Amino acid sequence: MNSGKAKSVTGGAPIPPPRTLPGMDLSLARIATQVARHARPLLLANHATLLTITIDTRDEQAPLWIGFWDLRGTLAPLPMRPGKAKKAFAALEAAASILLADLIQRWPANAVPPAVGIFTDGGGVAFSSDYPSPLSSNWLAHHQAGLCPTTTLVPFHPSGAWSRLIAPTLEPLIH
């Protein structure tokens, strides 16, 4: 009998539906949209699938960690490049700082995780309150397996990188 829930690509648990952030306002959505827009050229320049921006919540002076997942699923720091990419990087960093500061304030003071991150494929933007640091071990695999939901700040395009990465399939992948 079909339960109506699709299995994940890896055959794991059903993929939870995306959530939206309670109390989200238009200014938060605008900032998240800027993050996606500034991430696009950096994703293209690095042939990357996803870009993540993570902050260490225990150290106000710590810089943001900005990295990307390449086509092999490897997480690497985003290299600094001169020219237009440097301007996009600075704009991304500014928008992401504002967005992360807002998200961190939504946790109770005694429950703020040590690191919080957002991720984008250049279209949508989301984070995971259940598994908040994209730098955590197996973070991407947990999401692909449907083990933790994400909270969508800007909807992902159905044919975008994130949607393809977590898309359920009933057919085996053939190489």
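Residue numbers for the sequence shown follow this note's numbering, so the first one is 78 and each next one is one higher.
Heads up, the beta-carbon is just placed ideally off N, CA and C, and yes, glycines get one too.
All of these numbers come straight from a predicted model, not from anything done at the bench.
For the beta strand (DSSP E) holding residue i, just list the boundary residues, first then last.
i, result
"D133", "125 to 133"
"P154", "152 to 154"
"D207", "That residue, D207, is in no beta strand (DSSP E); it is neither H nor E in DSSP."
"L230", "228 to 231"
"G52", "Residue coverage of the chain in this structure runs from 78 to 252, which leaves residue 52 outside it and unanswerable."
"V193", "192 to 197"
In the DSSP assignment, the alpha helix (DSSP H) including residue i goes from what residue to what residue?
i, result
"A218", "216 to 221"
"D179", "161 to 182"
"V112", "103 to 122"
"L242", "238 to 243"
Taking the alpha carbon of residue i as the point to measure from, which residue in the options has its own alpha carbon closest?
i, options, result
"D179", "L155, F233, F204", "F204"
"A186", "R135, L103, A238, H115", "R135"
"E170", "L141, G160, S236", "L141"
"A238", "N215, F196, H219, G223", "F196"
"G160", "T126, R183, P118", "P118"
"A153", "T126, R183, A188", "T126"
"D102", "L155, R241, S240, R183", "R183"
For residue i, which residues in the same chain have their Cβ closer than 6 Å to its Cβ, ignoring the five residues on either side in sequence?
i, result
"A120", "In the sequence as displayed, the identity of residue 120 is Leu instead of Ala. Counting only Cβ-Cβ distances below 6 Å, and skipping sequence neighbours, we find L128, G199."
"P209", "P190, V193"
"L247", "Because L247 carries a pLDDT of 40, less than 50, the predicted location of this residue cannot be relied on, and no value is offered for it."
Excluding the 5 residues flanking residue i on each side, which residues of the same chain have their C-beta closer than 7 Å to its C-beta?
i, result
"P232", "G201"
"L217", "W146, G150"
"A113", "T197, G199, G200, G201, V202, V231"
"S240", "F233, H234"
Am I right that residue i and residue j are in contact with their C-beta atoms under 8 Å? What's the rounded C-beta distance?
i, j, result
"L177", "I130", "7 Å"
"I108", "I175", "5 Å"
"H124", "L148", "7 Å"
"A165", "Q111", "No, A165 and Q111 are not in contact; Cβ-Cβ is about 11 Å, not under 8 Å."
"L230", "A106", "7 Å"
Measuring from the CB of residue i, is there a heavy atom of the ligand PLP at a distance below 7 Å?
i, result
"P185", "As far as ligands go, the structure on display features none, and thus does not contain the ligand PLP."
With a threshold of 8 Å on Cβ separation, who are the neighbours of residue i within its own chain once the five nearest residues in sequence on each side are excluded?
i, result
"A139", "I132, D133"
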